[in-house]
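Encoded as structure tokens, the structure appears first; notes follow it.
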Amino acid sequence: MVKIRRIILLLTVYLLAVSITASVHAQTPTVDVITIKGTINPVLVDYVERGIKQAEDDGARALIIQIDTPGGLDSAMRDIVKLIVNSYVPVVVYVSPSGARAASAGVFITMAAHIAAMAPNTAIGAAHPVSIGGDQTQTQPSSAEDEKVLNDAAAYIRSLAENRGRNMEWAEKAVRESVSATEQEALQLNVIDMIAPDLQTLVAQLDGRQVTLLNNQQVTLQTKGVTIGDVPMKAIEKFLYAIADPNIAYLLLSVASLGIMAEIFSPGLIFPGIVGGISLLLAFYSLGVLPVNYTGILLILLAIGLFVGEVLSPTFGIFTVGGVVSLVAGSMILFKGASPVFQISPWLIAAVTIIVTGGLTFIIHRAVVAHRKQAKTGREELIGKTAMVKATLNPEGTVFYRGEHWTAISENGEVKPGEEVVIKRIDGLTLYVIKKQNTPSGEPLKRERR
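Using our numbering, read the sequence shown as starting at 428 and increasing by one per residue.
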């Protein structure tokens with residue numbers, strides 16, 4: 428009884444301690460932090476949405492978006508901006524760590540924040556929209572359509588800057604003229620609100636700041652003594668973000684092509700087909716969230732078709748050359764017209780082309796060798812072999828070969844018993860033979876043992 432009472436007492440104390448700890452933790456104010464590093468794409472939209480929702484549900488004092496991006500998709504950027512603007516929790520965009528940048532789409536996201544901050548040795552700007560189908564380095568519109576895109580982006584960023592009380596003129600120049608600024612210049616130009624070397628300093632500087640949320644709701648940030656809570660990407664989000672990269676998407680498409688071709692050329696291997704099928708589905712997802720040029724995809728599919736055609740009906744390399752040209756051309760324009768951040772490495776294109784061409788050359792060589800090589804099994808094995816005449820061939824008779832008697836027809840005159848003949852062809856169960864010429868006249872022939 429004493430032991431039971433002690434156990435019950437210990438359990439009660441433990442549960443009470445856990446309850447108190449949970450209560451204290453729940454009462455401790457927090458500031459959540461999410462991290463964006465890399466190109467802006469739809470996977471990050473889901474991540475930011477989850478971060479904002481968690482911050483709202485947890486009653487966080489603010490959500491800090493730590494950003495380092497060269498830019499990304501316009502559609503994904505606008506989705507993130509809408510999430511920030513409609514958030515019920517103050518959102519702070521922090522360009523960090525040192526050496527980071529908020530370029531292109533990152534400028535719009537920073538401008539949309541309730542509070543914008545930068546770490547030392549960082550930069551912001553160069554938000555000019557990439558002209559669709561035009562020169563990606565040009566700063567002047569090449570057509571009426573490009574001018575519409577440029578004007579729309581300029582109006583959008585002016586609206587964001589005006590809503591947050593920031594420098595609208597500089598924001599428009601960042602779009603129209605691709606201007607950039609360091610953190611010190613950005614602070615002086617009223618592009619950002621503060622400079623902080625690290626998260627702890629940033630949180631301390633946020634204390635007492637007043638921001639305006641939806642419906643002109645005024646909120647004063649109270650961040651003194653708060654706990655900084657990291658909200659990392661989930662494993663599935665990290666995986667999807669990793670494959671939503673132009674180089675990874677191209678690599679997956681290449682692996683899928685190789686796997687499927689290997690299964691076509693050698694049915695029954697199974698493993699290449701499975702790997703190719705999985706890679707193809709992942710490639711479809713990657714290409715679905717990237718700005719793809721469909722002409723590039725068609726050229727790559729044409730290359731695969733030409734490679735398969737070369738193996739199935741050898742054309743002395745004509746299909747192979749056409750396939751290589753189609754593969755390289757399709758690879759180079761697969762993301763043509765998109766932002767420079769969505770470009771495939773030329774080294775990767777070269778490596779894939781060499782591997783595919785080398786593998787195809789090996790397969791064709793093996794196929795030709797197998798085609799020319801004499802069969803080892805079946806009746807085709809008899810072609811070119813020597814048999815012994817048992818009954819005179821005039822022209823029809825009987826020959827003996829490897830323990831069996833065959834009906835044979837001589838194609839070059841009469842052949843007497845005991846002489847050797849060479850099998851030239853087979854028709855059903857009849858052998859067509861010719862007299863062996865290299866046997867010296869009058870020399871007795873050695874009979875093959877039965």
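Using N, Cα and C, we set each Cβ at its ideal position, and we do this for glycine too.
Just so you know, these numbers come straight off a predicted model, no measurement behind them.
What is the DSSP secondary structure of residue i, counted as helix, strand or coil?
i      : result
Arg528 : strand
Gln567 : At Gln567, the pLDDT of 44 sits below 50, so the modelled position is not reliable and the matter cannot be decided from this model.
Leu616 : coil
Leu761 : coil
Asp485 : helix
Asp672 : coil
Leu696 : coil
Asp854 : strand
Val738 : helix
Ser514 : coil
Thr650 : coil
Ile701 : helix
Ile782 : helix
Ile434 : helix
Ser772 : coil
Ala582 : helix
Val719 : coil
I think residue i touches residue j, with their Cβ atoms under 8 Å apart; what is that distance to the nearest whole Å?
i      : j      : result
Asn513 : Leu641 : 6 Å
Val520 : Ile494 : 6 Å
Lys863 : Glu847 : 4 Å
Val602 : Ala580 : 5 Å
Leu761 : Val719 : 7 Å
Thr819 : Lys843 : 6 Å
Thr466 : Val752 : Thr466 to Val752, Cβ: 30 Å. No contact.
Leu717 : Pro673 : 6 Å
Ile507 : Val472 : 6 Å
Gly656 : Thr457 : 5 Å
When DSSP builds the beta bridges, which residues end up paired with residue i?
i      : result
His832 : Phe827
Val848 : Ala814 and Lys862
Lys464 : Asp495
Tyr677 : According to DSSP, which records beta bridges pairwise, Tyr677 is partnered with nothing at all.
Leu820 : Val842
Glu522 : In the sequence as displayed, the identity of residue 522 is Val instead of Glu. BP columns for Val522 point to Ile494 and Met545.
Met504 : DSSP, once it has assigned bridges, lists no residue as partnering Met504.
Ala608 : Ile551
Asp459 : Leu490 and Gly656
Gln637 : Thr647
Ile622 : Met545
Ser837 : Val860
Excluding the five sequence neighbours on either side, which residues of its own chain have a C-beta within less than 7 Å of the C-beta of residue i, listed in chain order?
i      : result
Pro624 : Ala546 and Pro547
Ala710 : Ala676, Leu679, Leu680 and Ala683
Met538 : Ile584, Leu587, Ala588, Arg591, Arg593 and Ala598
Leu754 : Ile727, Ala730, Thr780 and Val783
Val735 : Met688 and Ile691
Gln611 : none
Met595 : Arg585, Ala588 and Glu589
Pro524 : Ala546
Thr609 : Ala550
How should residue i be labelled, buried or exposed, when 16 other C-beta atoms within 10 angstroms of its C-beta is the threshold for buried?
i      : result
His832 : exposed
Tyr515 : exposed
Val737 : Per the sequence shown, the amino acid found at residue 737 is Glu instead of Val. By the 10 Å Cβ count, Glu737 comes out buried.
Trp774 : exposed
Asn468 : buried
Ser693 : exposed
Tyr668 : buried
Glu574 : exposed
Val860 : buried
Leu633 : buried
Leu858 : buried
Gly499 : buried
Phe698 : exposed
Leu714 : buried
Thr496 : buried
Leu438 : exposed
Asp620 : buried
Can you list, in chain order, the residues of its chain with a C-beta nearer than 6 Å to that of residue i? Leave out the 5 residues immediately preceding and following it.
i      : result
Pro822 : Ile836 and Ser837
Met957 : Only positions 428 to 877 of the chain appear in this structure, which leaves residue 957 out of reach.
Gly749 : Leu733
Thr834 : Thr857
Gly703 : Ala683, Gly686 and Ile687
Ile745 : none
Tyr712 : none
Gln615 : none
If you measure from the CB of residue i, is any heavy atom of the ligand FAD nearer than 7 Å?
i      : result
Ser570 : This structure does not include the ligand FAD; it has no bound ligands of any sort.
For chain C, is any of its Cβ atoms less than 8 Å away from the one on residue i?
i      : result
Ile536 : No chain C is present in this structure, which holds just one protein chain.
Given residue i, which residues of its chain have a CB within under 8 Å of its CB, disregarding the five upstream and five downstream residues?
i      : result
Gly635 : Thr647, Leu648 and Gln649
Pro517 : Arg488, Ala489, Leu490, His541, Ile542, Val638, Leu640, Val646 and Leu648
Leu872 : Any reading at Leu872 must be qualified, since the residue scores a pLDDT of 41, below 50, and its modelled position is unreliable; no value is offered.
Leu696 : Ala689 and Glu690
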